[in-house]
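Letter by letter, the sequence shown follows residues 1 to 422 of the UniProt record's numbering.
Each residue gets a CB set at the ideal place from its N, CA and C atoms; glycine is no exception.
Given the structure is predicted, the values throughout are model-derived calculations rather than measurements.
So the structure is just underneath, and the comments pick up after that.
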Amino acid sequence: MMLPVFFLALRKKFVKNLILLSDFLKKYQKFVIIIRRTFLGGEKMKFLHTADWHIGKKLHGFDLLAEQREAFKQILAIAKEEQVDAVVIAGDLYDRSVPAVEAVEIFNEMMIQMNLKEHFPVLAISGNHDSSTRLETGGPWFNQTQFHLNTRLEQAFQPIEIDNTQFYLLPYFEPIAARLYFEDETIRTIQAAMEKVVAKMQESFLPNKKQVLVSHFFVAGSEKTDSETKLTVGGLDVVPTALLEPFDYVALGHLHGKNALQAPNARYSGSPVKFSLSEMTQEKGVWLVETEAEVHFQFRALKPLRDIQQLTGSFQQLTDPAFYQEVNRENYLHVQLTDRAIIPNMMNQLRKIYPKIIGLERLNGRETSNGNQKKVVQIEQRSPEEHLHDFFNDVTGEALTEQQAQWVQEELSTLNQLERGK
């Protein structure tokens with residue numbers, strides 16, 4: 001009679017210990033992941049590809065920090081659920097080269113959570129919106145926490161190895177940086193620069209490893225939206241897809257749509273938050289990439305805290321409770337008004353109902369056959385120097401110095417001479 005009691009007690013103790021072990025594994029999952037990465041690294045790895053966070057960006061005056069926090073929360077949840085071996089951020093961490101204090105604090109909070117608390121290695125680069133000088137200030141201790149942030153061209157030729165993969169972190173750079181690094185005065189375009197860059201990277205390729213390039217450029221055949229800053233004019237910024245062929249996967253940043261490029265081995269992750277009306281129909285998310293004998297990648301969607309939506313109708317329709325009670329008025333709304341008549345104080349009246357209007361378009365009752373308003377684009381006649389001055393100010397928030405303005409004039413003069421010599 002004592003034997004069954006003994007086995008019952010033994011089984012009860014076993015089940016209790018099993019439950020305790022399960023609770024321990026759930027509670028300390030991140031430590032299990034660290035042990036797996038450190039001691040059980042093998043013939044494949046999985047990483048998460050994201051980009052273009054643009055922390056601090058505003059949407060027609062509306063602060064997007066809450067939306068960016070929510071997107072990060074979901075990105076971190078996906079990384080934990082999928083037990084990824086690293087998180088890749090392909091540039092444009094901030095929206096401005098001199099970000100607001102609140103934007104810096106939020107990014108620091110995100111990295112503390114992802115890198116220090118959850119122990120995910122982070123592989124990041126600076127984009128054209130970032131200040132490479134400001135981002136690299138924490139460099140001496142970044143690598144100690146597996147936070148790899150490249151902001152200068154020369155850093156890109158030292159690959160970061162994780163399991164079976166070599167990561168080449170290539171920050172955004174201007175052709176002049178390659179011209180100086182390679183001591184080659186013939187380098188005048190990004191294409192010429194990338195030919196040199198990729199050739200040098202290939203010198204360190206290991207045959208038993210996969211090679212991943214992390215970069216922030218406009219690749220030939222890609223599609224832009226309104227919220228990306230144009231890097232240069234005349235096609236000087238375009239990187240041919242053929243230059244990307246040596247890599248098993250290219251994690252791209254700069255364009256905000258995941259479908260901007262459909263190359264076999266390259267993807268833009270797109271931004272995690274919608275930044276313009278042209279992104280209204282885009283699905284935002286991240287790529288999960290696995291490097292095995294062949295590289296596999298799949299898209300994981302993010303759910304927006306607030307979406308961008310377009311409303312079309314007359315003023316009477318838009319102010320009718322039966323209409324607006326069916327609308328999520330917390331969304332950011334672009335309104336197309338069909339009225340012909342002038343309506344006094346129209347915007348203020350609409351904002352009382354729709355507090356987050358980001359734009360108002362008067363269709364005046366005249367629509368094209370596809371329902372869209374005919375738009376007349378007025379092109380302002382300005383000199384190349386003025387466009388360059390404005391571009392530099394938009395990206396950096398600063399005016400060109402006298403020396404920089406002189407360099408601009410010299411380069412434009414050289415281009416004009418070459419054009420005349422054709």
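Can you tell me which of the three DSSP states residue i falls into?
i: Gly285; result: strand
i: Thr241; result: helix
i: Leu333; result: strand
i: Gly138; result: helix
i: Asn164; result: coil
i: Lys46; result: strand
i: His254; result: coil
i: Gln211; result: strand
i: Val327; result: coil
i: Phe107; result: helix
i: residue 426; result: Missing from the structure shown is residue 426; the chain here goes from 1 to 422 and no further.
i: Tyr94; result: strand
i: Thr338; result: coil
i: Gln403; result: helix
i: Ile112; result: helix
i: Thr133; result: helix
i: Phe391; result: helix
i: Phe275; result: coil
i: Glu118; result: coil
i: Phe157; result: helix
i: Leu170; result: coil
Skipping 5 residues on each side, what residues in its chain have a beta carbon closer than 8 Å to that of residue i?
i: Gln166; result: Pro159, Ile160, Ser204, Phe205, Leu206, Lys209, Lys210, Gln211, Val212
i: Leu302; result: Ala71, Gln74, Ile75, Pro272, Lys284, Gly285, Val286
i: Leu135; result: Leu93, Ser126, Leu149, Thr151
i: Ala79; result: Leu48, Val87, Met114, Glu118, Phe120
Leaving out the 5 sequence neighbours to the left and right, which residues in its chain are closer than 6 Å to residue i when beta-carbon positions are compared?
i: Leu337; result: Arg362
i: His148; result: Leu123, Ile160
i: Trp407; result: none
i: residue 423; result: Absent from the structure is residue 423, since the part of the chain shown begins at 1 and ends at 422.
In the DSSP assignment, find the unbroken alpha helix (DSSP H) run with residue i in it and report its ends.
i: Val198; result: 190 to 202
i: Phe315; result: 315 to 318
i: Ile357; result: Premise fails: Ile357 lies in the beta strand (DSSP E), 357 to 362, not in any alpha helix (DSSP H).
i: Lys80; result: 65 to 82
i: Lys263; result: With the sequence shown as reference, residue 263 is identified as Ala, and Lys is not the correct amino acid for it. Ala263 -> no alpha helix (DSSP H), and no H or E assigned at all.
i: Leu180; result: 175 to 182
Restricting to Cα atoms, I'd like to know which of the options is closest to residue i.
i: Ala90; options: Gln406, Val327, His216; result: His216
i: Phe62; options: Ile75, Glu330, Pro384; result: Glu330
i: Thr281; options: Ile308, Gln404, Phe299; result: Ile308
i: Glu174; options: Ser269, Ala71, Gln325, Leu153; result: Leu153
i: Met114; options: Gln146, Leu76, Ser314; result: Leu76
i: Gln68; options: Tyr172, Leu288, Leu400, Ile106; result: Ile106
i: Leu64; options: Lys356, Leu400, His389; result: Lys356
i: Ser84; options: Tyr168, Leu288, Glu326, Thr401; result: In the sequence as displayed, the identity of residue 84 is Val instead of Ser. The option with the nearest alpha carbon to Val84 is Leu288.
i: Ser97; options: Thr241, Ile358, Tyr172, Glu109; result: Tyr172
i: Gln298; options: Lys258, Asn328, Phe247; result: Lys258
i: Ser278; options: Asp130, Gly359, Thr50; result: Gly359
i: His129; options: Leu388, Ile55, Asp339; result: Ile55
i: Phe142; options: Phe157, Val250, Met111; result: Met111
i: residue 431; options: Val101, Gln403, Ile162, Gln404; result: One cannot answer for residue 431 here, as it falls past the ends of the chain, which runs 1 to 422.
i: Tyr249; options: Gln409, His296, Lys200; result: His296
Starting from residue i and walking both ways along the beta strand (DSSP E), at which residues does that stretch end?
i: Gln298; result: 295 to 301
i: Leu149; result: 147 to 150
i: residue 425; result: Only positions 1 to 422 of the chain appear in the structure, and residue 425 is not among them; the question remains open.
i: Tyr354; result: Tyr354 -> no beta strand (DSSP E), and no H or E assigned at all.
i: Leu123; result: 122 to 125
i: Ala90; result: 86 to 90
Can you give me the Cβ contacts of residue i inside the same chain, cut-off strictly under 7 Å, excluding the 5 residues immediately before and after it?
i: Phe182; result: Lys196
i: Asn108; result: none
i: Gln191; result: Val238, Val239, Pro240
i: Met347; result: Leu360
i: Val198; result: Leu243, Pro246
May I ask whether a heavy atom of the ligand SAH can be found less than 6 Å away from the beta carbon of residue i?
i: Met280; result: Absence of the ligand SAH from the depicted structure is noted, as is the absence of any ligand whatsoever, leaving it without description.
Quiz item: Are the segment 42 to 61 and the segment 335 to 343 in contact at 8 Å, needing three or more beta carbon pairs?
Solution: No: the two stretches stay apart, fewer than three of their Cβ pairs being nearer than 8 Å.
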